[in-house]
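> Here my numbering is used: the first residue of the sequence shown is 30, the next is one more, and so on.
For each residue, glycine too, the CB sits at the ideal point set by N, CA and C.
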Amino acid sequence: MKTKFEELNISPEILRAVQDMGFEEATPIQSQSIEIVKSGRDVLGQSQTGTGKTAAFGIPTLELVDQEDRCLQALVLCPTRELAIQVSEEFRKLLKYKDGLRVLPIYGGQPIERQILALRKGVQIVIGTPGRVMDHMRRRTLKMETVKIVVLDEADEMLDMGFREDIEDILQKIPIGHQTVLFSATMPKEILELTHEYLNDPVFVRVTRKELTVPSIDQVYFEVREHNKMEALSRMLDLHTPELCLVFCNTKRKVDELVEKLQSRGYFAEGLHGDLKQTQRDSVMKKFRNRTLEILVATDVAARGIDVDDIDIVVNYDLPQDEEQYIHRIGRTGRAGRSGTAFTFIVGREIYKLRDIMRYTNAKIIRQKLPTMSDIEDVKIKRFIEQLKETIQEERLTKYINIVENMVSDDYDTLDIAAALLKLSLQDDEEHESYDDINERPFRERSSREIRDNRDGRNGRNGRESRLSRETRDFGNRDRNDRDRGDRYPKYNRDTERLFVNVGKNHRVRPQDIVGAIANEAGVPGRIIGSIDIYDDFTFVDVPGGYVDDIIIKMRHATFKGTKMNIERAKDRRR
Ligand code: ADP
Ligand code: MG
Numbered sequence: 030m031k032t033k034f035e036e037l038n039i040s041p042e043i044l045r046a047v048q049d050m051g052f053e054e055a056t057p058i059q060s061q062s063i064e065i066v067k068s069g070r071d072v073l074g075q076s077q078t079g080t081g082k083t084a085a086f087g088i089p090t091l092e093l094v095d096q097e098d099r100c101l102q103a104l105v106l107c108p109t110r111e112l113a114i115q116v117s118e119e120f121r122k123l124l125k126y127k128d129g130l131r132v133l134p135i136y137g138g139q140p141i142e143r144q145i146l147a148l149r150k151g152v153q154i155v156i157g158t159p160g161r162v163m164d165h166m167r168r169r170t171l172k173m174e175t176v177k178i179v180v181l182d183e184a185d186e187m188l189d190m191g192f193r194e195d196i197e198d199i200l201q202k203i204p205i206g207h208q209t210v211l212f213s214a215t216m217p218k219e220i221l222e223l224t225h226e227y228l229n230d231p232v233f234v235r236v237t238r239k240e241l242t243v244p245s246i247d248q249v250y251f252e253v254r255e256h257n258k259m260e261a262l263s264r265m266l267d268l269h270t271p272e273l274c275l276v277f278c279n280t281k282r283k284v285d286e287l288v289e290k291l292q293s294r295g296y297f298a299e300g301l302h303g304d305l306k307q308t309q310r311d312s313v314m315k316k317f318r319n320r321t322l323e324i325l326v327a328t329d330v331a332a333r334g335i336d337v338d339d340i341d342i343v344v345n346y347d348l349p350q351d352e353e354q355y356i357h358r359i360g361r362t363g364r365a366g367r368s369g370t371a372f373t374f375i376v377g378r379e380i381y382k383l384r385d386i387m388r389y390t391n392a393k394i395i396r397q398k399l400p401t402m403s404d405i406e407d408v409k410i411k412r413f414i415e416q417l418k419e420t421i422q423e424e425r426l427t428k429y430i431n432i433v434e435n436m437v438s439d440d441y442d443t444l445d446i447a448a449a450l451l452k453l454s455l456q457d458d459e460e461h462e463s464y465d466d467i468n469e470r471p472f473r474e475r476s477s478r479e480i481r482d483n484r485d486g487r488n489g490r491n492g493r494e495s496r497l498s499r500e501t502r503d504f505g506n507r508d509r510n511d512r513d514r515g516d517r518y519p520k521y522n523r524d525t526e527r528l529f530v531n532v533g534k535n536h537r538v539r540p541q542d543i544v545g546a547i548a549n550e551a552g553v554p555g556r557i558i559g560s561i562d563i564y565d566d567f568t569f570v571d572v573p574g575g576y577v578d579d580i581i582i583k584m585r586h587a588t589f590k591g592t593k594m595n596i597e598r599a600k601d602r603r604r
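1) Measuring CB to CB, does ASN549 end up less than 9 Å from THR592?
2) Report yes if the CB atom of LEU262 is closer than 9 Å to the CB atom of TYR346, and no otherwise.
3) Rounded to whole angstroms, what's the CA-CA distance from TYR296 to LEU104? Just pull it up for me.
4) Let me know if ASN279 comes out buried or exposed under the rule of 16 or more other beta-carbons within 10 Å of its beta-carbon.
5) Who are the Cβ neighbours of THR373 in its own chain at under 6 Å, not counting the five residues just before and after it?
6) Hey, is the region 192-205 in contact with the region 121-130, meaning 3+ C-beta pairs nearer than 8 Å?
7) Go ahead and pull the three-state DSSP assignment for TYR564.
8) Using C-beta distances below 6 Å, list every residue in its chain close to ARG99, excluding the 5 sequence neighbours before and after it, in chain order.
9) With 16 as the cutoff for other CB atoms within 10 Å, does ARG493 come out buried or exposed?
10) Taking C-alpha atoms, which residue in ILE410, GLU424, TYR389, PRO471 lies nearest to LEU450?
11) Have a look at GLN248, GLN292, PRO231, TYR126 and flag the residue whose alpha-carbon is nearest the alpha-carbon of MET259.
12) Compute the distance between the beta-carbons of VAL116 and PRO89, then report whether it is under 9 Å.
13) For a quick check, are the C-beta atoms of PRO134 and GLY160 less than 9 Å apart?
14) For SER76, which residues in the same chain have their Cβ closer than 6 Å to its Cβ, ignoring the five residues on either side in sequence?
15) Output the distance between the C-alpha atoms of SER312 and LEU301, rounded to the nearest integer angstrom.
16) For TYR250, which beta-bridge partners are listed by DSSP?
17) Have a look at MET173 and ILE63 and give me their C-alpha separation to the nearest angstrom.
18) Which residues does DSSP pair with GLU526 in a beta bridge?
19) Flag this pair as touching only if the region 182-195 and the region 205-224 have three or more C-beta atom pairs under 8 Å; answer yes or no.
20) What is the DSSP secondary structure of GLN208, reduced to helix, strand or coil?
21) Is GLY555 helix, strand or coil by DSSP?
22) What beta strand (DSSP E) runs, 3 residues minimum, are completely inside the region 145-216?
23) Report the rounded CA-to-CA distance for THR17 versus ARG264, giving the unit in angstroms.
24) For GLN48, name the three-state secondary structure that DSSP assigns.
25) Which partner residues of ASN531 appear in the DSSP bridge assignment?
26) Under DSSP, the beta strand (DSSP E) around PRO108 begins and ends at which residues?
27) Counting only the same chain and skipping the five closest in sequence on each side, list residues whose C-beta sits under 8 Å from that of LYS202.
28) Alpha carbon to alpha carbon, what distance is there between ILE114 and GLN541?
29) So what's PHE413 in DSSP terms, helix, strand or just coil?
30) Taking the CB atoms as reference points, tell me whether ARG42 and LYS127 lie closer together than 9 Å.
31) Mind checking whether the beta-carbon of THR83 lies closer than 8 Å to any heavy atom of the ligand MG?
32) How about VAL330 and GLU35: do their beta carbons lie closer than 9 Å?
33) Determine the DSSP secondary structure at GLY138, reduced to helix, strand or coil.
34) What does the alpha-carbon distance come out to for the pair ARG585 and ILE467?
35) Considering just the uninterrupted stretch of the beta strand (DSSP E) at GLU299, what are its terminal residues?
36) Taking only three categories from DSSP, how would you classify ILE324?
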């Protein structure tokens, strides 16, 4: 039933890019739409949010555009500026190995002159909001005569936002004979009207939901920020100390990244995904079965073959694509009549998708707060005291009793001795006042202002100062790889990521140029920038993981001495 991208007649360049993006299999809407859209037919595509509709129309659209021709060939309409940017980011990733294709997002709020200049250079693919696209059409800075394909993305949202007239205006002005593709999560009457009017004998591709039953598993979700997921996961692991825990990520790359982070925090974790050789997979599975491994991080595809019965906890580190996948994942625990728990992390708007999952599976997924450091400390003390009691019961203490007796005869109080020993045993855990509460307030309760601020990478509430100072200190300690299992809470957050920048010694770039460029263009404090390694043609820069997306997005147009700077995540994160 699942389809590999290789089976979808995609060009080798795009296939390679899809692999780099870490997608292992096509989602249902992708496997059903890609070839039809590529064939030139008009398509009406429906599947719920988060099911990969962007690539479903993006891949075939990019295949249809002629690299040799500089004129406008594809127009994608999106409801908001954020979505226009997101879609162009995804297009750019898909285009990684295709030269000569230019994508430009255009939306209101950005100076129109700048867009006009960019359009003049020759752009084959425009991704824009209807209002701004109309504006350019009127000015004749966007010429529709050569457009081969028009995509209406998130059509239901565009209609909700009152863009119907603009959309119709645009569609009427594009010469007949072009292909029209419409994607939407829902199919209200208005969409069917539009379809009827503007699509020519469309193929209706619809991904329906299956009836699903949920096994009896405790299901809990936590609202966190993306960059706090790792911290949240370690707290859950430390609180529950599962013997076998299965963690799901949506991409292979995320699996690798998470495994590396877990290992550096001292957990016995390994990853499982489609890129591993059979022998590697076997070896990982063997370790998991015989408990030398406590955490297995996997993609959905890789996890399909797992036949381990007593997994205590399943963690959805990333929210699954759809409810079917959710059921599959959590069904890995609570097997054979045992009890099991499933934790799901959600970020911002994902709450809506989670609600869909709950609705269609009838699952009760309960919101909980992440444990604070003092909750974990309490649990650790309880656990320690249990061990203490057991040790006393075992009675083989003569040697130690003698030591204590010596101290008592030196006038020390037994109660003081015991308390001091306890303090020494638990001390590591006491120095954690720097750890913030990483719970997010429920998305729906947050004001739009706050949400906007968060999205822009500005920090409203959760104490940016302390997070920053922690991350700054982190840089001095980054290389200390503390594997002491008693100290699972490293003193600093080591969530550092490495960026690749396409300028180096040959461009006469200096470290201060890099710091300056990132600080000015991306608006992040210069002091968060870590080590900078300048090579002949490129540079590596370390920055706290939480800033990476922001920096990449904001530096899309940055230049250094006339060279366009290209910043992306470094491929090999090991040094
Ligand atoms: P939609 O438009 O249906 O809401 P998106 O296209 O925004 O969904 O995709 C949601 C997320 O899923 C994105 O982060 C995207 O990169 C990811 N994604 C898309 N296709 C796949 C796939 N085949 N495998 C894994 N992740 C995918
Ligand atoms: Mg979408």
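A quick look at the data gives this:
1) Contact annotation: ASN549 and THR592 have beta-carbon atoms that are not nearer than 9 Å.
2) Taking 9 Å as the cut-off, the beta carbon of LEU262 is found closer than this to the beta carbon of TYR346.
3) So the alpha carbons of these two residues sit roughly 48 Å apart.
4) Per the 10 Å Cβ criterion, buried.
5) TYR250, ASN345.
6) No: fewer than three Cβ pairs fall under 8 Å.
7) Residue state, collapsed to three classes: coil.
8) Cβ within range, chain order: GLY151.
9) Reliability fails at ARG493, whose pLDDT of 31 lies under 50, so the model's placement of it is uncertain and the value that follows must be treated cautiously. Counting the other Cβ atoms within 10 Å of the Cβ of ARG493 gives fewer than 16, which makes it exposed.
10) Distance check between LEU450 and each of ILE410, GLU424, TYR389, PRO471 places ILE410 closest, using alpha-carbon atoms only.
11) Considering only alpha carbons, the answer is GLN292.
12) In this structure, PRO89 does not lie closer than 9 Å to VAL116 by Cβ.
13) Against a cut-off of 9 Å, the Cβ pair of GLY160 and PRO134 comes out as no contact.
14) Beyond the five residues adjoining it in sequence on each side, SER76 comes within less than 6 Å, by CB distance, of ILE58, VAL236 in the same chain, given in chain order.
15) Annotation: SER312 to LEU301 spans about 10 Å, alpha carbon to alpha carbon.
16) Beta-bridge annotation (DSSP): TYR250 is paired with THR373, ARG396.
17) When rounded, the separation of the alpha-carbon atoms in MET173 and ILE63 is 24 Å.
18) According to DSSP, which records beta bridges pairwise, GLU526 is partnered with VAL572.
19) The region 205-224 and the region 182-195 touch, with three or more beta-carbon pairs separated by less than 8 Å.
20) Strand.
21) Helix.
22) DSSP runs (the beta strand (DSSP E)) wholly in the region 145-216: 154-157, 178-181, 208-213.
23) One cannot answer for residue 17 here, as it falls past the ends of the chain, which runs 30 to 604.
24) The DSSP-derived three-state label of GLN48 is helix.
25) Paired residue(s): none; ASN531 is not in a bridge.
26) Looking at the DSSP string, PRO108 is not in any beta strand (DSSP E), and its letter there is neither H nor E.
27) For LYS202, where only same-chain residues beyond five positions count, the Cβ hits under 8 Å are MET166, MET173.
28) Taken atom to atom, the span from the alpha-carbon of GLN541 to that of ILE114 is near 29 Å.
29) The answer is helix: DSSP assigns PHE413 an H, G or I state.
30) Here the sequence assigns Glu to residue 42, which means Arg is not the residue at that position. Contact check for GLU42 against LYS127 passes: the beta carbons are separated by less than 9 Å.
31) It does: the Cβ of THR83 is within 8 Å (strictly closer) of some heavy atom of the ligand MG.
32) Between VAL330 and GLU35, the CB-CB gap reaches or exceeds 9 Å.
33) Coil, per DSSP.
34) Approximately 30 Å, taken between the alpha carbons.
35) 298-301 is the extent of the beta strand (DSSP E) around GLU299.
36) If DSSP states are grouped into helix, strand and coil, ILE324 belongs with the strands.
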